[in-house]
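Structure first, commentary second.
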Amino acid sequence: MDATEKKLVELSISGDIEAFETLIQSHQKKVYNIALRMTKNPEDAQELAQDAFVRAFTSIGKFRGDSSFSTWLYRITINVCTDFLRKRNRAILISMEQGAATNDNEQGIQIAEEAPGPDEIAEKNQLKELIKDAMDSLSADHRQVLILRDILDMSYKEIADTLNVNEGTIKSRISRARSGLKKIITQRTELFQDYVVKFNRKGGNS
Amino acid sequence: MNRCDYCLENLSSYLDKEMSENEMKEIEEHLKECNSCSYEFDVLKTIVSTCSELEEELPDGFSSSLHTRLEKAREDMLAKRNRTGKVKLFSQIAAGFLIVITLGFAIRVGYFGNRFMVQDSATSDAAPMAGRAPATTQSSAPKKFGLKGIKSEQNESAMEGEDTKNSFAIAQSAEIQNQADDSSDKLKQKDSDIKLSFNEHIVKDSGEEEYDTEVTIVVDDIDKAIDLIMAIDEKIGKSSENNMSYNQDSINVYRGSCTGKNSVELKLVYINEKTQQSFLEEIQLAFSNIQVESVPSEDEKEDEQEYIKIIIEKKK
Chain A
1 MDATEKKLVE LSISGDIEAF ETLIQSHQKK VYNIALRMTK NPEDAQELAQ DAFVRAFTSI
61 GKFRGDSSFS TWLYRITINV CTDFLRKRNR AILISMEQGA ATNDNEQGIQ IAEEAPGPDE
121 IAEKNQLKEL IKDAMDSLSA DHRQVLILRD ILDMSYKEIA DTLNVNEGTI KSRISRARSG
181 LKKIITQRTE LFQDYVVKFN RKGGNS
Chain B
1001 MNRCDYCLEN LSSYLDKEMS ENEMKEIEEH LKECNSCSYE FDVLKTIVST CSELEEELPD
1061 GFSSSLHTRL EKAREDMLAK RNRTGKVKLF SQIAAGFLIV ITLGFAIRVG YFGNRFMVQD
1121 SATSDAAPMA GRAPATTQSS APKKFGLKGI KSEQNESAME GEDTKNSFAI AQSAEIQNQA
1181 DDSSDKLKQK DSDIKLSFNE HIVKDSGEEE YDTEVTIVVD DIDKAIDLIM AIDEKIGKSS
1241 ENNMSYNQDS INVYRGSCTG KNSVELKLVY INEKTQQSFL EEIQLAFSNI QVESVPSEDE
1301 KEDEQEYIKI IIEKKK
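Chains A and B, in that order, give the protein sequences. For the first sequence, this note's numbering puts the final residue at 206, and the numbers step up evenly by one. For the second sequence, this note's numbering puts the final residue at 1316, and the numbers step up evenly by one.
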């Protein structure tokens, strides 16, 4: 933690909102994106990202500087989202049980067929949507590591620190998450194969 | 394991360059000569590079609405601080009031001075009051003055509830000191002095998260305590998988930095109040120095999830 950050943390502890806002300035977008990919919904994401910041603000006295501020902040964000999902999943579970009792399987079929028309969006965007969708159907654990690795571009070490899991576990979890993602995508569309060919012919980016 | 299996297994860390140079080289060589692995690598690259473009912009007005919420949070914190200050002052006044009453009563029955001589007549003198006053002192005095004496009577009076309400406990909390009963013989420490306090305030952790119950345990060996709690949680079952991830985090933090950490916080979630209750009962039998703060459930919904926070502190 550098001196400026340390100073800002101290000021935030004393209740200085402006200092706290400066401190989180560069993290806002990332925190929002963690919440967005975890919850799959912009409204919830905004709410939860702000919950995370408020929680960070009110408990910043407990931040000891053992890890970097961002690691601490992302950990809070993930905890906030996990809590939310746990509560929501329970609600969904109940409504599904009730649904099953009343009207057969109609709903499930409707959801499965709901996909954007191929002509509506440009190819790249369509691929993005495809991957977003696929990511949404991963388990929360797998989604977490992909968000931190591929969207936030964190190293394995940083991810391990954030999630309090050892690096070896992170390594295999990322690998399994990506395999899962690939499996879902290839199952959903044969078109994906064309994307791969096109993308890599253009030289891709790596 | 043949080379393709090895390659596919490590493709992900190869792409992230999270492996040694030697391993990198090995996979690079293999990719050059193996079409199917190299196709898999292309697939992976496509997915990962698309993922990296998924980052979205903040919604409009994010910062300004956050600012409003931060201001509100600060106000709440300040208000909370003031409130706790007032409650403390209030209970001090109440304690003072009690002393006056007790003193008055003592003087009335002639406790001071010629207590031996007056005893007989004093009993009849005090008779009209006797019904009310002792109940008051019994249930409140130990709390205010920290006496640990009158255990059985106090237990009774708190259980009845009536007397507790009549008492001057402004914070509306009744404390029970009781010797752990015989049933605790099967479990560990026998000298159990369990302190229970049912508090009608909502138990909140500095505005962070709401808990239905907060348990504080003071022990010599935090590690042992954690193991015991985990064992009880497992025994209660029904939720251990749920609780695993929460607790693993805290335990790792605690064990990861052995120096200077004198407490650890665990969080447990139970699917309903009944399960929570059986957990609390078990844990009260298992530990001697324990404090439980609980919110009686407001609504009658039985299937509400119950959140328990457990703070384990090292005995100083």
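For every residue, glycine included, the Cβ atom is placed at its ideal position computed from N, Cα and C.
If you look at THR186 (chain A), you'll find it in the alpha helix (DSSP H) that goes 167 to 188. Interface residue (Cβ-Cβ distance to chain B less than 7 Å): VAL54 (chain A) is classified as such. Taking 7 Å as the CB threshold, GLU1026 (chain B) stays off the interface with chain A. With a cutoff of 7 Å on beta-carbon distance, ASN1272 (chain B) and VAL1218 (chain B) are scored as not near each other. Here ALA1231 (chain B) is exposed: its Cβ has fewer than 16 other Cβ atoms, across all protein chains shown, within 10 Å. A:LEU85 is the residue among A:PHE63, A:GLU18, A:PHE199, A:LEU85 whose C-alpha sits nearest the C-alpha of THR39 (chain A).
Close partners of TYR195 (chain A) in chain B (Cβ separation under 7 Å): THR1046. For the pair LYS1032 (chain B) and ALA45 (chain A), the Cα-to-Cα distance works out to about 43 Å. With fewer than 16 neighbouring CB atoms inside 10 Å of its own CB, SER26 (chain A) falls in the exposed class. By the neighbour-count definition (other C-beta atoms within 10 Å, threshold 16), ALA134 (chain A) is a buried residue. Between VAL196 (chain A) and VAL1269 (chain B), the CB-CB gap reaches or exceeds 7 Å. Taking the beta carbon of GLU21 (chain A) as reference, the chain B residues within 9 Å of it are SER1063, LEU1066, HIS1067, LEU1070, listed in sequence order. Residues of the same chain with a CB within less than 7 Å of the CB of ASP16 (chain A), apart from the 5 flanking positions on each side, do not exist. Between ILE151 (chain A) and ARG37 (chain A) a beta carbon distance of about 7 Å is seen, short of the 8 Å cut, so the two are scored as contacting.
Close CB contacts of LYS171 (chain A) within its chain, under the 7 Å cut and outside five residues either way in sequence, are with TYR156 (chain order). Pairing ILE1311 (chain B) with THR1216 (chain B) gives a Cβ-Cβ distance under 7 Å. Judged by DSSP secondary structure, LYS128 (chain A) falls within the alpha helix (DSSP H) whose first and last residues are 123 to 136. Counting along the chain, GLU1057 (chain B) sits inside no alpha helix (DSSP H), nor does DSSP assign it H or E at all.
The residues LEU23, PHE69, in chain order, have a CB closer than 8 Å to that of GLU5 (chain A) in the same chain once the five nearest residues on each side in sequence are set aside. Cα atoms of ASP1227 (chain B) and LYS1314 (chain B): separation of roughly 15 Å, rounded to the nearest angstrom.
Residue-level contact check: TYR32 (chain A) touches chain B, since one or more beta carbons of chain B fall below 7 Å from its beta carbon. Here ILE1217 (chain B) carries a strand assignment [DSSP, helix/strand/coil]. Per the C-alpha coordinates, the member of A:LEU130, A:ALA19, A:LYS29 positioned closest to GLN50 (chain A) is A:LYS29.
At least 7 Å separates the beta-carbon of SER12 (chain A) from that of ILE78 (chain A). In the displayed model, LEU152 (chain A) falls within coil according to three-state DSSP, outside both helix and strand.
At least 7 Å separates the beta-carbon of ALA56 (chain A) from that of ILE34 (chain A). Within the same chain, and ignoring the five residues on either side of ARG143 (chain A) in sequence, the residues whose Cβ sits closer than 7 Å to its Cβ are ARG37, MET38, MET135. Per DSSP, reduced to three states, the secondary structure at ILE1308 (chain B) is strand. In this chain, the alpha helix (DSSP H) harbouring SER1012 (chain B) covers 1003 to 1015. Just so you know, the alpha carbons of LYS132 (chain A) and ALA1079 (chain B) end up roughly 43 Å apart. DSSP places TYR1211 (chain B) outside both helix and strand once states are collapsed to three, so it counts as coil.
DSSP places SER59 (chain A) outside both helix and strand once states are collapsed to three, so it counts as coil. Taking C-alpha positions only, TYR1211 (chain B) is separated from ILE1229 (chain B) by approximately 18 Å.
By the Cβ-count criterion, CYS1007 (chain B) is buried, with 16 or more other Cβ atoms from all chains shown falling within 10 Å of its own Cβ.
In this structure ASN89 (chain A) is exposed. Its beta-carbon is surrounded by fewer than 16 other beta-carbon atoms within 10 angstroms.
Distance from the CA atom of ALA19 (chain A) to the CA atom of ILE147 (chain A), rounded to whole angstroms, is 28 Å.
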